[in-house]
């Protein structure tokens, strides 16, 4: 409880405040007041809290609960002390009306503060301890004649899980931060406070009360319950590492039982700095984009409601089995099917429930969130639907529940700013979800439109677009055109962050749409017959087309259930039904043929055809065997890259490769045809035309050979002991002479090669002989129809002998292909450790700089979940010489973090050994990093880099710059020439308007488009130990795109990323020939595999072997 001295101390040094008090509580009106006055400017905690809540409506009578001290009157001439700025502290629990304009402004500011949505803190655990507080109470009219003030302490803690699995609590109610960081902590406390008051109203009786958004609560009444502990999970936090309740109960549960989550996202990225100024010969232009600004109505408000949909089935033992459908964590097609089920239940609920019909305009995301443009009269709805939902015979009912989301369930245009934050984990992207769901409602209501992954809408039937789509008879594969959709908050032309929608065309291949019998699809392949064995080449081709496809059972109790039945995933082909056996529950073996005849009374029509091995999507994922005739292909399945033939892949690329003018036209048309724009209510928001933005074109650096006018290499190498290898009796006798002549012209010293042939597929003897004779290089000239390339590269690593390969058809035309000859010789010189040319830029020469690139082969090897991480850097004897390698690791959320420490340390040591260079600046590019990974790069990868530096020497602290590069975005940029839309020139930079308002970002066009429309690479500066110089980083990136050394033209990525990507793919291919088990006792043998099957201990490690 407060003392009167506490109050005077808190009111001390307040702006123009007069305080009067008397010594006796009785006979107040007759008492003589003693006046205390002070006009200095300083912080006034209690005074500010009280005046924010009650306003300045004139004299208010308050008193502190001390027997001989009564505060009789307070007067002020300035509402807010100067140290508090223009906006008073947020208030909760008290509202008031005032005719005073100043008071009105204060009220509005307070309300704006109240409405802040820090939804990075939803579904989390909060420990809220206070002596007592109660529900909000309104305050209007003149002040009460007397009001006692009681002071209570408040503790608000957030509990989260650290990476090591332990739990930690942070007390945000005793924050020692300053500035904006303090304001963030206060907002967290305010949100917990609001939810606690609303949710635990019966337990928190009292008030009215005044909360300072930290550790103090003031109440005008003494509360009977002085020790309250509330735990809150829902409606406050979206932090990914906050522990969650162990069961479906969102309001309680012991903290110790909640699952650990990764703790990243709450450290700021590099502070945003100014964009490129156009210095150094750069040319300023305007470029077109595919980014459309979304202009929200000033009165835009959308309300969020939580939807829970469960399917209830009967178990054979009489129990009921409840399956949550609206919280689906299944992947790919199964997740899409769950969304279809949810939308079906939602439509039934809309037609059957009157309150939902009266709810205004609703938008459902087909999972757990419903958005409404008006507040529902009934925000607690529960109903049961039994008809028209599922065909399964054991289906009982579907349960539909709707509840308002507490704490963060109301969004307005103010939430656009909150969708971005320098700390990625603090960004509340609820407004993105809301707008995306609203826009998608139009396409989702059209039967001809198929939505996949919440991002792409395909026109599955006739379209009126100037684009040629192809069909493939084998497998009945067809193509469909779609449009991608992403909602982002971008900087905007005026620097005022706004929402934008970015759309791009996407053509994909699809398996048959009508759920055909699997054997009918198989029969479309050339060479198919009903006696095929699983090992037959035709059967292998069919399997490659359908690997991991989804199929539905179509026999017995599953007949005619379609996707409502049991769905399996194809994992392989096996022996025919008579020969393929499996173990029954009784332990006895039985053939597939006998099982179907005895158990299901089905006589298999094609007993000599292979069976399909498939796994269940639930339970233990046991393998089952089925005749193809009892399976149907699930509709709406995309043909993934692993299922495509090379011809299908090439033709798909051509269908997507639209010229810039055609792409712009088709995108505009398909956006309207799928319904992304024409279904939007202009009173809610409007979508503008694609934006035109300023850009800068950087000059290309000069390519310098050994002397002016010469084409000779800067550092030509000797090639005196090499061998050309042909297959069997193939030959091309002049290839050596042609290549040697080109090498001479480039300044290389070269001797004639020996010649050998691969006989009886014996490649190993070629390599063993090369080791014995000390060959520098094995130069393979093989027909393009052979399949030796991958095996030769695996042997290169195994035998540590450098290789190069061209196809025989190309070799026979080298005499008249000067550019091709030059590129081949460029490769040879780089492989041998030479340098072809210098790039006329100072970035790598001026400083002791190490530039590294990391890239990932996202395709894991088979089912192993082992991936290859490629890396490259300028670690050799010249700053422009880059080489790389790869490391095997297990596929996790933090793949790069498993390798960066060791690779960086080794690179620093290698560079110092080869160049006598102690790196003073380290620049690291990560390829394929999405925005959701920025926090991991910033807080995990950067930390490992700093640990690496200190491990070399405690005082070693070079400048560190970490950047993320990505083409995983929808943004396209266009130039115009003489009224015609065309591709941008290499070196074009866009670093304003369509970039993040809080991150240092730029788009860079590195290369000319070979076909179609060029796609820029987006770069984001994640970390910089010094102030970010955007001009330096943009020009460095542009310069590195010209340092490929094999071709003189620029490439799309900086050379370390380009080499790292190649090395990553090389590692993936080499793993196919690994003759060691990858796992032992369930653990990946990381050290053993990397020691044997990478270049870690090879002499080729310090060469550009993958040139």
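Residue numbers (this note's numbering): 10 to 1116. All C-beta atoms, glycine included, are put in the ideal place defined by N, C-alpha and C. The model shown is predicted, which means the values in this text are computed figures rather than measured ones.
Using a Cβ-Cβ distance cut-off of 8 Å, the stretch 891-908 and the stretch 820-828 are not in contact, since fewer than three pairs of beta carbons, one from each stretch, lie closer than that value. Only residues of its own chain outside the window of five on either side were considered, and among them 296, 702, 704, 982, 1011 and 1012 have a CB closer than 7 Å to the CB of residue 999, listed in chain order. Ranked by Cα distance from residue 624, the first of 560, 617, 666 and 713 is 560. Contact between residue 741 and residue 820 is confirmed by a C-beta separation of about 5 Å, below the 8 Å threshold.
One Cα belongs to residue 466, the other to residue 658, and the distance between them is close to 21 Å.
In the structure shown, the three-state DSSP call for residue 878 is strand. With a beta-carbon spacing of about 55 Å, residue 359 and residue 799 fall beyond the 8 Å limit used to define contacts. Under DSSP, residue 816 shares a beta bridge with 791.
Distance from the CA atom of residue 889 to the CA atom of residue 951, rounded to whole angstroms, is 25 Å.
Your pair residue 635 and residue 620 checks out as a contact, with CB atoms roughly 6 Å apart and the cut at 8 Å.
For residue 600 and residue 589, the gap between their C-alpha atoms comes out near 6 Å. If you look at residue 804, you'll find it in the alpha helix (DSSP H) that goes 798-808. The alpha-carbon separation between residue 781 and residue 630 amounts to approximately 50 Å. Residue pairing for residue 736: DSSP places it in a beta bridge opposite 767. For residue 447, same chain residues with a beta-carbon under 7 Å away, outside a window of 5 residues either side, are 372 and 380 in chain order. For residue 736, the closest C-alpha among the options 640, 756, 768 and 375 is that of 768. In the DSSP assignment, residue 920 falls outside any beta strand (DSSP E) and lies within the alpha helix (DSSP H) extending over 909-924. Boundaries of the alpha helix (DSSP H) harbouring residue 954: 951-961, taken from the DSSP string.
Between residue 586 and the set 606, 569 and 570, the nearest pair of CA atoms involves 606. For residue 361, the enclosing alpha helix (DSSP H) stretches over residues 341-361. The beta-carbon distance between residue 219 and residue 159, rounded to whole angstroms, is 11 Å. This is too long to meet the 8 Å contact definition. DSSP places residue 179 within a strand segment (E or B) once states are collapsed to three. Contact annotation: residue 1003 and residue 499 have beta-carbon atoms nearer than 8 Å. In this structure, the beta-carbon distance from residue 205 to residue 241 falls below 8 Å.
For residue 824, DSSP records no beta bridge to any residue.
Per the coordinates, the alpha-carbon of residue 564 lies some 8 Å from the alpha-carbon of residue 640. Non-local C-beta neighbours of residue 803 in its own chain, meaning closer than 6 Å and more than five positions away in sequence, comprise 1079 and 1082, ordered along the chain.
The DSSP-derived three-state label of residue 369 is coil. One Cα belongs to residue 251, the other to residue 168, and the distance between them is close to 6 Å.
Assigned with DSSP and collapsed to three states, residue 534 falls in coil, not helix or strand.
Under the three-state reduction of DSSP output, residue 667 falls in the coil class, being neither helix nor strand. The C-alpha of residue 775 is placed about 46 Å away from the C-alpha of residue 341. Counting along the chain, the unbroken beta strand (DSSP E) around residue 576 starts and ends at 576-583. With at least 16 other beta carbons inside 10 angstroms of its own, residue 365 counts as buried.
The DSSP-derived three-state label of residue 775 is helix.
Contact check for residue 355 against residue 334 fails: the beta carbons are separated by 8 Å or more.
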